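Novice:
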Amino acid sequence: MGRYLLRRLLQFIPVFLGTTFIVYTLVWAVPGDPFAGKCGERQCPETFVSLMTDRYGLNDPLVVQYFTYLGKVVSGNLGETFSGVSISEQLLNSAPITVRLAIVALLIQIVIGVVAGVVTGIRGRGFLDNLVLVSTLFLISLPTFVTGSVLQILLGVEWGIINPTVSAEATWGELIVPGFVLGAISMAYVTRLTRTSIAENRRADYVRTAIAKGQPNRRVVFVHLLRNSAIPVVTFLGTDLGSLMGGAIVTEGVFNINGIGGLIFRNIAEKEGVMVTTIVTLLVLVYLLMSLFVDLLYAVLDPRIRYD
Amino acid sequence: MGTRAGALTAAPLALVLVLSGCGGGGGGTPSGNATADATITIYGTNPPGNMLPANATDAGSAKMQEGVYSQLVGYAPADGKPFNQVAESITTTDSKVYNVKLRKGWKFHDGTEVKAKNFVDAWNWGAYGPNAQLSATWFKQIDGFADVYTKDPDGPSGPQKPPTPASKTMKGLKVIGDHEFEITLKAPFSVFSTVIGYNPFAPLPDKFFADPEGFAKAPIGNGPLKFVSFTPNVDIKLTRNDDFPLEQKKVKFKNLTIKIYSQQEAAYKDLLSGQLDFMEALPPSAKAGSKYKTELGDRLLTAKLLSISTLTLPEYLPEYKNLDLRKAIALAINREQITKTVLAETYVPADGWVNDNIEGYEKGVCGEFCQYDPAKAKEFYARSGHTGKITIQSNSDGGRKEPLEAACNSIKNALGVECTFVGATNFGDFRNLIDGQKLTGLGRSDWGADYAEIENFLNPLYRTGGSSNDSKTSNPQLDSLLAQADATAQRADAIKLYQQAHHVLPTYFPSIPVWMERGVGAKSSNLESATLNFKRRLEYASVVVKAKS
Chain A
76 MGRYLLRRLL
86 QFIPVFLGTT
96 FIVYTLVWAV
106 PGDPFAGKCG
116 ERQCPETFVS
126 LMTDRYGLND
136 PLVVQYFTYL
146 GKVVSGNLGE
156 TFSGVSISEQ
166 LLNSAPITVR
176 LAIVALLIQI
186 VIGVVAGVVT
196 GIRGRGFLDN
206 LVLVSTLFLI
216 SLPTFVTGSV
226 LQILLGVEWG
236 IINPTVSAEA
246 TWGELIVPGF
256 VLGAISMAYV
266 TRLTRTSIAE
276 NRRADYVRTA
286 IAKGQPNRRV
296 VFVHLLRNSA
306 IPVVTFLGTD
316 LGSLMGGAIV
326 TEGVFNINGI
336 GGLIFRNIAE
346 KEGVMVTTIV
356 TLLVLVYLLM
366 SLFVDLLYAV
376 LDPRIRYD
Chain B
215 MGTRAGALTA
225 APLALVLVLS
235 GCGGGGGGTP
245 SGNATADATI
255 TIYGTNPPGN
265 MLPANATDAG
275 SAKMQEGVYS
285 QLVGYAPADG
295 KPFNQVAESI
305 TTTDSKVYNV
315 KLRKGWKFHD
325 GTEVKAKNFV
335 DAWNWGAYGP
345 NAQLSATWFK
355 QIDGFADVYT
365 KDPDGPSGPQ
375 KPPTPASKTM
385 KGLKVIGDHE
395 FEITLKAPFS
405 VFSTVIGYNP
415 FAPLPDKFFA
425 DPEGFAKAPI
435 GNGPLKFVSF
445 TPNVDIKLTR
455 NDDFPLEQKK
465 VKFKNLTIKI
475 YSQQEAAYKD
485 LLSGQLDFME
495 ALPPSAKAGS
505 KYKTELGDRL
515 LTAKLLSIST
525 LTLPEYLPEY
535 KNLDLRKAIA
545 LAINREQITK
555 TVLAETYVPA
565 DGWVNDNIEG
575 YEKGVCGEFC
585 QYDPAKAKEF
595 YARSGHTGKI
605 TIQSNSDGGR
615 KEPLEAACNS
625 IKNALGVECT
635 FVGATNFGDF
645 RNLIDGQKLT
655 GLGRSDWGAD
665 YAEIENFLNP
675 LYRTGGSSND
685 SKTSNPQLDS
695 LLAQADATAQ
705 RADAIKLYQQ
715 AHHVLPTYFP
725 SIPVWMERGV
735 GAKSSNLESA
745 TLNFKRRLEY
755 ASVVVKAKS
């Protein structure tokens, strides 16, 4: 187990270097001058462009720029955006909000999705099953933007139950509706995954044995059935947390949340290469860690899986 | 249609003006402190720069600038007519040497007095090349600008750096006393006293020069509002300056929060539900089908903006140099229909190259060529001998694409020639095409005047080498008229010459006028009144908060 973990952690290094280099190259390969359009309908003063090009080393070859950047990151200095705002400061402001939003979304997925999946999976065909299938199909077919805007207009503008946008503090309570919007599609998938997995395992030998041994129904469902059916769901949820962090662009835009999604969107538009690279790198790390976590969780869920 | 649209927008404007005047006269006062202690929240965008006065060229930072700083002159909210603010008087006999006397006792927010040297030092600092301020070239009229601002010998992308300027100060600025200074220009410029009301000409307190970077994070100004805090992507907070001396620009609320949004749509929903008090623009979804009129009702604010939209015809494209072709395209655009439908009556057709809200505007300078006439358009097109297709380029975000596509359609239908809209992903990319002279057809050009002078619609846009002469045109007759107008001491005489220059434009069509924007904004029901000014901003002094009953 320990060696497996070490091997996996070591694998992070080339993946990390590779992705950052690719992202960095892609960001700077996008044609266009980051300083164009900064001065409205006029061309920017030459002195401004010269100074900025110099300060950010934009005249160096790409590889040199990349390694300078990497050196800075390793030494813990993420640098500044072109407007002189510290990148780490912005990240520290935005990241907790997105993490909170992603956790809310994940909780909604787990609670609603797994419960609905287990119930329909055990009961089998019937009104409830059909209802869940239709409603999940409905959620899957709606783009996040639509779900978000509809809920925002109904709950926020028409009925006044929530504020249409989230305040700067972004408290847990305010994030429930955006979290639901962000998690809605994945929630539907979780429901369907759980339902299928449970329905399949319901007829497995070990379940029959457990029932035959006279174990209480609750124990059969939660310990034997759910635990064994959880592997595909956990795999999905694990990678989903990563995509929730990055995929929050739409939700954060609709509800004006100052999170990672909005940050990445704005900075791509403003050609803030360093910022984009840093955020994407962070997201890559989240993905890597989550997939490691999911892999380790398999062993817990199914003791037959060993990593030695 | 022109007059009807005018009446439509003028009526609510007049109402707003009456209301705000009323509020200022004491209409809102009976409720006493309840409204005077109020906090209002307005729509904002993330400032891309560091917000020093000479660095703030964008709308996001300008909202903060206009509260925190007061320049020598201010502008009237409706039409931008200048009036003296910090200046007690600005006098000149030859439009070259300007003598400025300051009001006494006007203080910065840190308690130090605003003196002549605060202006002179701030302007010198802003113009000094190595300080790399975005608005540095605004000071180019002043004698000695060339000594403080040097050009990069091989262009900004080359390896060489611009040489360090010989001097740190411009010889055209001379402090005469604590409250008096003199500005000498390189050449006479008749509207200079209007120009100096623009943001980069703000004074800076002595504290600034010790630590410019620290100052940028917590600016100290001399305006009606004091800076409190700025959280990137979240908000800018300002609070009232109780010692502000100028009645006309005093604010009648306590705190101002400029809330930063990444999308107008989200802000608009906040506005509808009363979470946001003011927006100076409406999102495209609200404009679609003129939905905003029913959604907002009496909360709708309108203003005559000092702006004009044209289609630039680059001189460097030989196939478009043809005057008959230019006229044919101008005739082929159905301005009335497009402004009414696609632009939801937030624009009106343009009939010349200057805005109709400016002193010196004349009706119909573009004449028959800006009237939709497909038959005549076809005639001119046949005469031009042009073949191949016509393109219109612009950034396609922010609602730019739809009206231009409609214009293209109109051209296609009238001339029977293929016309396509070629979109750039964002404004920066589009500016890259223009600055690099890489337009391949007509280019969008939306000009908003920086100050209310007819001069501002001509010099920067059409004069040889003008800062925004995107078509790169050069016309000796126009240049000489503009030079003459600039050098005229009497402003009224200068305006006459600028008008003459305006009449030169239809002889060579450097660009095709299309429409002029009417500002539409909105206030929340928390506000008794608010004025959208000619710059499409909230006139802070006009805000009266509703008393809570």
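Chains as they are written, first to last, in the working numbering: chain A, 76 to 383; chain B, 215 to 763.
In this text, a Cβ means the ideal position worked out from N, Cα and C, and glycines have one as well.
Quick caveat: nothing in here was measured; it's all calculated off a predicted structure.
So with Cβ pairs under 9 Å, would you call residue 402 of chain B a contact of chain A?
Specialist: Working through the second sequence from its first residue, we reach residue 402 of chain B at position 188. For residue 402 of chain B, the answer is no, since every Cβ of chain A falls outside 9 Å of its Cβ.
Novice: Tell me whether residue 421 of chain B sits in a helix, a strand or coil according to DSSP, three-state version.
Specialist: Start at 1 with the first residue of the second sequence, and residue 421 of chain B comes out as number 207. Note: residue 421 of chain B maps to helix in three-state DSSP.
Novice: From the DSSP secondary-structure annotation, give me the bridge partner or partners of residue 315 of chain B.
Specialist: Here residue 315 of chain B refers to the residue found at position 101 when the second sequence is read from its first residue. Beta-bridge pairing links residue 315 of chain B to B:303, B:394.
Novice: If you count every other CB in all the chains shown that lies within 10 Å of the CB of residue 201 of chain A, and 16 or more means buried, which is it?
Specialist: Here residue 201 of chain A is taken as the residue at index 126 of the first sequence, counted from 1. Classified as exposed, residue 201 of chain A has fewer than 16 neighbouring CB atoms from the shown chains inside 10 Å of its CB.
Novice: In chain order, what residues of the same chain have a beta carbon less than 6 Å from the beta carbon of residue 681 of chain B, not counting five sequence neighbours either side?
Specialist: Position 467 of the second sequence, counting from 1, holds the residue named residue 681 of chain B. Closer than 6 Å at Cβ, skipping near neighbours: 674.
Novice: Taking all protein chains shown into account, decide if residue 632 of chain B is buried (16 or more other Cβ within 10 angstroms of its Cβ) or exposed.
Specialist: As a first step, residue 632 of chain B is located in the second sequence; it is residue number 418 there, counting from the start. Burial call: exposed.
Novice: Label residue 342 of chain A either buried or exposed according to how many other C-beta atoms from any shown protein chain fall within 10 Å of its C-beta, with 16 as the threshold for buried.
Specialist: On the first sequence, position 267 is the one that residue 342 of chain A refers to. Buried.
Novice: With the cut-off set at 9 Å, would you say residue 746 of chain B and residue 479 of chain B are in Cβ contact?
Specialist: Along the second sequence, read from residue 1 onward, the residue named residue 746 of chain B stands at position 532. Along the second sequence, read from residue 1 onward, the residue named residue 479 of chain B stands at position 265. No, these two residues do not count as a Cβ contact at 9 Å.
Novice: Taking a contact to mean a Cβ-Cβ separation below 9 Å, would you say residue 108 of chain A touches residue 90 of chain A in this structure?
Specialist: Mapped onto the first sequence, residue 108 of chain A falls at position 33. Mapped onto the first sequence, residue 90 of chain A falls at position 15. The answer is no: Cβ separation not under 9 Å.
Novice: For residue 672 of chain B, which residues from the same chain have a beta carbon less than 7 Å from its beta carbon, with the 5 sequence-adjacent residues on both sides left out?
Specialist: In the second sequence, counting from the first residue as 1, residue 672 of chain B sits at position 458. Contacts found: 696, 712, 715, 716.
Novice: Could you pull the start and end residues of the alpha helix (DSSP H) that residue 633 of chain B belongs to?
Specialist: Locating residue 633 of chain B in the second sequence gives position 419, where the first residue counts as 1. Looking at the DSSP string, residue 633 of chain B is not in any alpha helix (DSSP H); the run it does join, the beta strand (DSSP E), is 633 to 638.
Novice: Give, in chain order, every residue of the segment 320 to 348 of chain A whose Cβ lies closer than 8 Å to some Cβ of chain B.
Specialist: Taking 8 Å as the Cβ-Cβ cut-off against chain B, the residues of the segment 320 to 348 of chain A that qualify are 327, 328, 329, 330, 331, 333, 337, 338, 340, 341, 344, 345, 346.
Novice: Any chance the segment 234 to 252 of chain A sits against the segment 329 to 343 of chain A, with 3 or more Cβ pairs inside 8 Å?
Specialist: Yes, since at least three Cβ pairs between the segment 234 to 252 of chain A and the segment 329 to 343 of chain A fall closer than 8 Å, the two stretches touch.
Novice: Once DSSP output is grouped into helix, strand and coil, what is the label at residue 605 of chain B?
Specialist: In the second sequence, counting from the first residue as 1, residue 605 of chain B sits at position 391. Residue 605 of chain B falls in the strand class under three-state DSSP.
Novice: Please classify residue 549 of chain B: is it buried, with 16 or more other beta-carbons within 10 angstroms of its beta-carbon, or exposed?
Specialist: Looking up residue 549 of chain B in the second sequence gives position 335. Classification for residue 549 of chain B: buried.
Novice: With a threshold of 8 Å, are at least 3 pairs of Cβ atoms found where one atom belongs to the segment 409 to 417 of chain B and the other to the segment 267 to 274 of chain B?
Specialist: yes
Novice: Chain B partners of residue 228 of chain A, CB-CB under 8 Å?
Specialist: As a working mapping, residue 228 of chain A is identified with position 153 in the first sequence. Within 8 Å Cβ-Cβ: 483.
Novice: To the nearest angstrom, how far is it from the Cα of residue 259 of chain A to the Cα of residue 296 of chain B?
Specialist: Position 184 of the first sequence holds residue 259 of chain A. Position 82 of the second sequence holds residue 296 of chain B. Taking the straight line joining both Cα atoms gives about 55 Å.
Novice: Is the Cβ of residue 157 of chain A closer than 9 Å to any Cβ of chain B?
Specialist: Here residue 157 of chain A corresponds to residue number 82 of the first sequence, with the count starting at 1. Yes, residue 157 of chain A lies at the interface with chain B (some Cβ there is under 9 Å from its Cβ).
Novice: In whole angstroms, what separates the C-alpha of residue 698 of chain B from that of residue 578 of chain B?
Specialist: Taking the first residue of the second sequence as position 1, residue 698 of chain B is located at position 484. Taking the first residue of the second sequence as position 1, residue 578 of chain B is located at position 364. The straight-line gap from Cα to Cα measures roughly 24 Å.
Novice: Between residue 682 of chain B and chain A, is the shortest Cβ-Cβ distance under 9 Å, so that the two count as touching?
Specialist: Looking up residue 682 of chain B in the second sequence gives position 468. Yes, because at least one Cβ of chain A sits closer than 9 Å to the Cβ of residue 682 of chain B.
Novice: What three-state label does DSSP hand residue 200 of chain A in the structure shown?
Specialist: If you number the first sequence from 1, residue 200 of chain A lands on position 125. It is coil, neither helix nor strand.
Novice: So what's residue 683 of chain B in DSSP terms, helix, strand or just coil?
Specialist: Reading the second sequence from its first residue, position 469 is the one you call residue 683 of chain B. Here residue 683 of chain B sits in coil by DSSP.
Novice: Would you call the segment 278 to 287 of chain B in contact with the segment 432 to 446 of chain B, where contact means no fewer than 3 C-beta pairs closer than 8 Å?
Specialist: yes
Novice: So with CB distances below 8 Å, who are the chain A contacts of residue 607 of chain B?
Specialist: Within the second sequence, the letter at position 393 stands for residue 607 of chain B. Residues of chain A passing the Cβ test: none, with the nearest at roughly 14 Å.
Novice: Please work out which residues of its chain come closer than 7 Å, Cβ to Cβ, to residue 224 of chain A, disregarding the five sequence neighbours upstream and downstream, and give them in chain order.
Specialist: Here the question's residue 224 of chain A lines up with position 149 in the first sequence. Excluding residues within five positions, the ones whose Cβ falls inside 7 Å are 329.
Novice: Could you tell me whether any Cβ in chain A is nearer than 9 Å to the Cβ of residue 486 of chain B?
Specialist: Sequence index remark: in the second sequence, residue 486 of chain B carries index 272 (1-based). Chain A contact via Cβ: present.
Novice: Below 8 Å CB to CB, which residues in the same chain sit around residue 143 of chain A once its five sequence neighbours on both sides are set aside?
Specialist: For this step, residue 143 of chain A is matched to residue 68 along the first sequence. Excluding sequence neighbours, residue 143 of chain A sits near 132, 135.
Novice: Just the C-alpha distance for residue 701 of chain B and residue 408 of chain B, rounded to the nearest angstrom, thanks.
Specialist: Position 487 of the second sequence, counting from 1, holds the residue named residue 701 of chain B. Position 194 of the second sequence, counting from 1, holds the residue named residue 408 of chain B. Whole-angstrom Cα-Cα distance: 15 Å.
Novice: If you pair each beta-carbon of the segment 378 to 385 of chain B with each one of the segment 354 to 366 of chain B, do three or more pairs fall below 8 Å?
Specialist: yes
Novice: Determine the DSSP secondary structure at residue 225 of chain B, reduced to helix, strand or coil.
Specialist: As a working note, residue 225 of chain B is residue 11 in the second sequence. Note on residue 225 of chain B: pLDDT 41, under 50, position unreliable in the model; no value is reported.
Novice: CA-CA distance, residue 256 of chain A and residue 206 of chain A?
Specialist: The residue given as residue 256 of chain A occupies position 181 in the first sequence. The residue given as residue 206 of chain A occupies position 131 in the first sequence. If you take the alpha carbons of residue 256 of chain A and residue 206 of chain A, they lie about 20 Å apart.
Novice: What distance in whole Å lies between the Cβ atoms of residue 718 of chain B and residue 692 of chain B, which are believed to be in contact at a cut-off of 8 Å?
Specialist: Here residue 692 of chain B corresponds to residue number 478 of the second sequence, with the count starting at 1. Here residue 718 of chain B corresponds to residue number 504 of the second sequence, with the count starting at 1. About 5 Å; that satisfies the 8 Å criterion.
Novice: Report the residue ranges of all alpha helix (DSSP H) runs contained in full by the segment 253 to 303 of chain B; include only those spanning at least 4 residues, in chain order.
Specialist: 273 to 282
Novice: Let's test the definition: count the other Cβ atoms within 10 Å of the Cβ of residue 655 of chain B and tell me whether it reaches 16, buried, or not, exposed.
Specialist: The count along the second sequence starts at 1 and reaches residue 655 of chain B at position 441. The residue in question, residue 655 of chain B, is buried, as its Cβ has 16 or more Cβ neighbours within 10 Å.
Novice: For residue 731 of chain B, which of B:571, B:708, B:444 has the nearest alpha-carbon?
Specialist: Position 517 of the second sequence, counted from the first residue, corresponds to residue 731 of chain B. Of the listed residues, the one whose Cα sits closest to residue 731 of chain B is B:571.
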